[in-house]
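Chemist: So the sequences go chain by chain: R and F. Residue numbers for the first sequence follow UniProt numbering, beginning at 1 and rising by one. Residue numbers for the second sequence follow UniProt numbering, beginning at 1 and rising by one.
2 protein chains.
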Amino acid sequence: MADAPQEDAATTSKKAAKKAEAKAKKEALKAQRAAEQLSKQTAALEIDDPAKDRYGLVKPISPAVFSAEAEEVNLRSLGEEHEGKTVILRAWIQNTRTQSAKMAFAELREEGNWTIQAVVMVTPEGTPEAQVVSRPMVKFITAITPESFVAVEAKVKRPLEPVKSCRVSTFELHITRCFTIAPAPPMLGLTLAAANRPITDFNDEDVKAPGESDKEPEAGVPAATMLTHLDNIAMHKRAPVQQAIADIRIEVKDLFRSYLKARGFKEFEPPCLIGAASEGGGNVFRLQYFNQEAFLAQSPQFYKQFEIAGGRKRVFSIAPVFRAENSNTPRHMTEFTGLDLEMEIKNDYSEVLLMLEGVLLHIFRGIKERCAHEIELVRSVYPSEEVLLPEPGKEVRLTFAEAQQLLREEGPEEFRNVRDDEDMSTPQEKALGAVVRAKYNTDFYVIDKFPDTARPFYAKVDPTSKPSADGVRATNAFDFFLRNQEILSGGQRINDPDELAERISAKGINPASPGIKEYIATFRQVGVPPHGGGGIGLDRIVAWFLALPSVHLAAYYPRTPKRLMP
Amino acid sequence: MADAPQEDAATTSKKAAKKAEAKAKKEALKAQRAAEQLSKQTAALEIDDPAKDRYGLVKPISPAVFSAEAEEVNLRSLGEEHEGKTVILRAWIQNTRTQSAKMAFAELREEGNWTIQAVVMVTPEGTPEAQVVSRPMVKFITAITPESFVAVEAKVKRPLEPVKSCRVSTFELHITRCFTIAPAPPMLGLTLAAANRPITDFNDEDVKAPGESDKEPEAGVPAATMLTHLDNIAMHKRAPVQQAIADIRIEVKDLFRSYLKARGFKEFEPPCLIGAASEGGGNVFRLQYFNQEAFLAQSPQFYKQFEIAGGRKRVFSIAPVFRAENSNTPRHMTEFTGLDLEMEIKNDYSEVLLMLEGVLLHIFRGIKERCAHEIELVRSVYPSEEVLLPEPGKEVRLTFAEAQQLLREEGPEEFRNVRDDEDMSTPQEKALGAVVRAKYNTDFYVIDKFPDTARPFYAKVDPTSKPSADGVRATNAFDFFLRNQEILSGGQRINDPDELAERISAKGINPASPGIKEYIATFRQVGVPPHGGGGIGLDRIVAWFLALPSVHLAAYYPRTPKRLMP
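This is how it looks when you write it as structure tokens:
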């Protein structure tokens, strides 16, 4: 098994890894020569082979090559009813192993990391099955390159003992026909085994997988860099760990959507192209748009609010957002998926807080339940501790002032003097997370009532709050944390146009500037009910929940300042 | 009722509309003065009002102002169990009408076009309810500006006869408390009635609503231009017709997603930012991306295929796509939502065709069933004929050659000589649609086996096809049509890297060019099974199904070459 990055070997810094790669390349070349040799032999033998129509390289395949009674199956749904039956399976050859000239094994793999052992045995002469499997056919099968796509016809049998190395352990397939539909190259740029190792280098910062940071890679299976993975995108995605992460990501979205739909939320699609960089900051992508300039949306904030102004009681969106931030860290991407919601407030903004807390706990509990197999698989590559969630009724919600007090009293020495009217720093967040975990036994908690200095102009100031000496006031706005990292920002928004214009001016922004003017005007068009909402980074909650060393692993096609391919 | 566009009156070309607008403005001013007058009177009367705590302008509202036994309700769920009970409803004032100094009516509206009649009557002196409703309270309510957001407490009663003007016709609300939570301005930029009229001008082409094109607008309710609608986005979205279109759009997405999920498809998210304009053409947005150039995705084509290469059997995506096309027509937008799928092919690409046909028919039949009320509402504004769908088992699938023959034999004179090896023009498509409708009684049909000259490089040539004299061959690729317009392109893709490189060269594209090189390389990384798929424009299928005069009406925030706001 070999990991042989084609272009980016230079980026792998560790000498050990290089050595292992060189060795692996050598082995792969050897394997390639052996395969070529076998292939020649096979060709020579095929001529008089009584089984010659039962195997080979075929494109396209015709259903006529299989027995009429053979049923197409998926490994996921293989059951007792198939025992003794003839089935057709389309799958990848994961590996093959020659037992003798008459017998070989292959591991077949399907989507979702379903694997099964296949056996191919020369059928004895003088029996009715004499022409089913020949020696050349066994040789053909063992010579199929790993990650080739094949269609096999086989009898489903029970193995003598359970096959521990395969996910389907109680059945095996006795091959009667085998066709290569799409061959893989003799040498893979990244083997499945290597693709399923922890990534050694994200080419951004020196990141280590938690709990495994100093382990040596297993002999013969060198790990690879993120760049090698991206250069071999098909193998990156075929890795069981990546399939599991993608499956968890799908469930997170489904849990988010179904929870909100059941509570009267309507999905909508905010635009990506916008006419003004109205949420400020330099982190916005600009582009030439016919005779004007356009920007890529940094969040759906304004549009969520327009939906509320436009007569929706509750809306959510699952949509891409963009940040032109030149941050080459495992926490940042330039494009990611936002899970956003916005809702009418009846009496108090705590309705919003509870809704967001509810949906997140529903997601976390839901993936623990639905994705137990996937989580375990991810942990086998990237070890992590179980996420501690609060029991129902014991959710941890601190005000910003309470959190700061906790930090002063129970946090490390350096945070003895943190203030209630200044935003928290990342080190403070981390320290607070540790204190909260020790005190409340949870990795998930809420900090409410952030000071207005730490919040954007649309955040509603708590009308009951008292200003500090410097005039700083608390807002009806909060952050959610998971494993010491912020995963959500939310709160009540200002729905009164005069109050909004005033806050915008107070923040030093011109209320007449492009985008802002139209934003305020929307609240003058009609009566807009009180409302609030929040935004969650999908990539981040997947990554932090699984304690992945980089958010890039949670994305389908991570976009970083240096990388837009594939 | 008035439509008074603030900035874009100049864009409304018709004199009649201008005249009506001027008249409407005048009326609105009159109404504003009357409202101010009333408001003054109310203020004067309030001082000694025994009911003075039961109404008024409040922000924020406290639950303590309502009776403890009052239950919060939505109009959607109002039922017999509420009769005689006291309820709280938060809704918009749609309009008010004074009957006498002692009695008035109001129409209240909630999301989804749910409306109910509310009655407010001065409670007789000397009864236990004497202080519930006073004359100033009646005046206050009649003076509330339309589209204000209010919270009312009321008794649910049966009206003497059903209220035909409201969606909730079997109940009415007898108001006992009424608070304005968010007031609308005295003069709306676009009234609800005007917002619900057919849009007169899309500022692109002169488009008429089918079937209604030459009707005069009803007296007193002038229609408005699309630009006026967009300048009054909250009122545009509050219009019942727009709420209905948005609700149908949501169902289309849900039907697409649930059908595919039930058939083993996994959702994924293709990127918007890409490193190469690999699908060619000049219609691509470019932007500066740190030290390189980036492009906005024109389709998720390559990424769907990467998912298949990466080990998924079946994938779908619902994602924004971008076209930098300077087309100012009601058929075009620069950003729209693509519904895409891609799947492994077992035996034949007809598996893909049938899957796409199945999901589209499921969508069309599904919205007919689930959205009957909404479709009817849309038709009341934009009249259209029922879409004719084929009965199960009677789907119409023509080859390109058969379609051309049909056009030659049964189409208009001008298409007597159409060829089998050239792409169809839009007039041809329209003419063919009419022939198919007359012959097969359907507005939905498939044309298969397009010539390779009309297809992109990734389309699989039908290996059984015979080349024409000019070497043109049929492909395993098809288009779907609805009401004579193309709504889907799909087919089998090339999965063999050598064949792919050859086709790319044959199309005059350099296989080594950025994006293309990496695309081909992915098929060399592993064995990629045969696969195919298709892409549907969400905005278009909503618009064509409803026969809307412009696709812009189906979008949440239409993006056109001239417009990026709001």
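Just so it is clear, CB atoms sit at the ideal spot from N, CA and C, and this is done for glycine as well.
So that I know if they touch, is there some Cβ in chain A lying closer than 7 angstroms to that of residue 312 of chain R?
Modeler: This model lacks chain A altogether, as its protein chains are R and F.
Chemist: Using a Cβ-Cβ cut-off of 7 angstroms, state whether residue 484 of chain F counts as contacting chain R.
Modeler: Residue 484 of chain F does not count as touching chain R.
Chemist: Tell me whether residue 335 of chain R is buried or exposed, calling it buried when 16 or more other Cβ atoms sit within 10 Å of its Cβ.
Modeler: Buried, since its Cβ has 16 or more Cβ neighbours within 10 Å.
Chemist: Taking residue 100 of chain F as part of the beta strand (DSSP E), name the residues at either end of that continuous run.
Modeler: Residues 86 to 100.
Chemist: Quick one: what does DSSP say residue 461 of chain R is sitting in, helix, strand or coil?
Modeler: In this structure, residue 461 of chain R counts as strand in the three-state DSSP scheme.
Chemist: Give the residues of chain F in contact with residue 197 of chain R, contact being defined as C-beta atoms less than 7 angstroms apart.
Modeler: Chain F residues near residue 197 of chain R: none, gap ~17 angstroms exceeds 7 angstroms.
Chemist: Could one say the Cβ of residue 234 of chain R lies closer than 7 angstroms to chain F's Cβ atoms, at least one of them?
Modeler: True, the Cβ-Cβ gap to chain F drops below 7 angstroms.
Chemist: Put residue 505 of chain R into one of helix, strand or coil per three-state DSSP.
Modeler: In this structure, residue 505 of chain R counts as helix in the three-state DSSP scheme.
Chemist: If you measure from the beta carbon of residue 50 of chain F to each beta carbon in chain R, is any gap under 7 angstroms?
Modeler: No, residue 50 of chain F lies away from the interface with chain R (no Cβ there is under 7 angstroms from its Cβ).
Chemist: Taking the alpha-carbon of residue 251 of chain R as reference, which of R:363, R:485, R:119, R:558 has the nearest alpha-carbon?
Modeler: Closest option to residue 251 of chain R, Cα to Cα, is R:363.
Chemist: Does any C-beta atom of chain F lie closer than 7 angstroms to the C-beta of residue 187 of chain R?
Modeler: By this cut-off, residue 187 of chain R is not an interface position.
Chemist: Using a Cβ cut-off of 7 angstroms (strictly closer), state whether residue 237 of chain R contacts chain F.
Modeler: For residue 237 of chain R, the answer is yes, since a Cβ of chain F falls inside 7 angstroms of its Cβ.
Chemist: Chain F partners of residue 347 of chain R, CB-CB under 9 angstroms?
Modeler: In chain order: 60, 61, 62, 63.
Chemist: For chain R, is any of its Cβ atoms less than 7 angstroms away from the one on residue 241 of chain F?
Modeler: No - not a single Cβ of chain R is within 7 angstroms of the one on residue 241 of chain F.
Chemist: Does the Cβ-Cβ distance between residue 287 of chain R and residue 287 of chain F come in under 7 angstroms?
Modeler: Yes, the Cβ-Cβ distance between residue 287 of chain R and residue 287 of chain F is below 7 angstroms.
Chemist: Along the chain, where does the alpha helix (DSSP H) that runs through residue 238 of chain R open and close?
Modeler: Unbroken alpha helix (DSSP H) run through residue 238 of chain R: 233 to 238.
Chemist: Per DSSP, what are the beta-bridge partners of residue 421 of chain R in this structure?
Modeler: Note: residue 421 of chain R sits in no beta bridge, so no partner.
Chemist: With DSSP as the reference, identify every bridge partner of residue 178 of chain R, one or two as the case may be.
Modeler: Looking at the DSSP assignment, residue 178 of chain R forms a beta bridge with R:55, R:152.
Chemist: Report the CB separation of residue 72 of chain F from residue 88 of chain F in whole angstroms; it is logged as a contact under 8 angstroms.
Modeler: Right, the Cβ-Cβ distance comes to about 5 angstroms (below 8 angstroms), so this counts as a contact.
Chemist: Within the same chain, show all residues whose beta-carbon is closer than 6 angstroms to that of residue 294 of chain R, passing over the 5 residues directly before and after it, in chain order.
Modeler: Excluding residues within five positions, the ones whose Cβ falls inside 6 angstroms are 273, 287.
Chemist: At which residues does the beta strand (DSSP E) containing residue 343 of chain R begin and terminate?
Modeler: Looking at the DSSP string, the run of the beta strand (DSSP E) that includes residue 343 of chain R is 335 to 344.
Chemist: I'd like the span of the beta strand (DSSP E) that includes residue 311 of chain F, first residue to last.
Modeler: Looking at the DSSP string, residue 311 of chain F is not in any beta strand (DSSP E), and its letter there is neither H nor E.
Chemist: Could you tell me the boundaries of the alpha helix (DSSP H) in which residue 350 of chain F lies?
Modeler: 350 to 370 is the extent of the alpha helix (DSSP H) around residue 350 of chain F.
Chemist: With DSSP as the reference, label residue 118 of chain F as helix, strand or coil.
Modeler: The answer is strand: DSSP assigns residue 118 of chain F an E or B state.
Chemist: State the DSSP-derived secondary structure class of residue 273 of chain R, mapped to helix, strand or coil.
Modeler: In this structure, residue 273 of chain R counts as strand in the three-state DSSP scheme.
Chemist: So if DSSP puts residue 477 of chain F in a beta bridge, which residue, or which two residues, is it bridged to?
Modeler: Answer is F:491, bridged to residue 477 of chain F.
Chemist: Taking the continuous alpha helix (DSSP H) assigned at residue 410 of chain F, which residues delimit it?
Modeler: Counting along the chain, the alpha helix (DSSP H) containing residue 410 of chain F begins and ends at 400 to 410.
Chemist: Just curious, the beta strand (DSSP E) that residue 524 of chain R is in, first and last residue?
Modeler: Careful: residue 524 of chain R lies outside any beta strand (DSSP E), inside the alpha helix (DSSP H) at 516 to 525.
Chemist: What does the alpha-carbon distance come out to for the pair residue 468 of chain F and residue 450 of chain F?
Modeler: Taking the straight line from one Cα to the other gives about 13 angstroms.
Chemist: Please give the ranges of any beta strand (DSSP E) in the segment 243 to 303 of chain F, keeping only runs that are unbroken, at least 3 residues long and fully inside the region.
Modeler: Correct list: 286 to 289, 292 to 296.
Chemist: Nearest CA to the CA of residue 369 of chain R: which residue from R:352, R:387, R:383?
Modeler: Of the candidates R:352, R:387, R:383, the one whose C-alpha sits nearest the C-alpha of residue 369 of chain R is R:387.
Chemist: Using a beta-carbon distance below 7 angstroms, is residue 341 of chain R in contact with chain F?
Modeler: So no, residue 341 of chain R is outside the interface.
Chemist: How would you list, in chain order, the residues of chain R whose beta-carbon sits under 8 angstroms from the beta-carbon of residue 263 of chain F?
Modeler: Within 8 angstroms Cβ-Cβ: nothing; residue 263 of chain F doesn't reach chain R, min ~12 angstroms.
Chemist: Quick one: list the residues of chain F neighbouring residue 274 of chain R, beta-carbon separation under 7 angstroms, in chain order.
Modeler: Result: 564.
Chemist: In the DSSP assignment, find the unbroken beta strand (DSSP E) run with residue 187 of chain R in it and report its ends.
Modeler: It is not in any beta strand (DSSP E) - residue 187 of chain R carries neither H nor E in the DSSP assignment.
Chemist: Given a cut-off of 7 angstroms, decide if residue 284 of chain F and residue 298 of chain F are closer than it, judged by their beta-carbon atoms.
Modeler: Yes; because the gap between Cβ atoms is below 7 angstroms, this pair is in contact.
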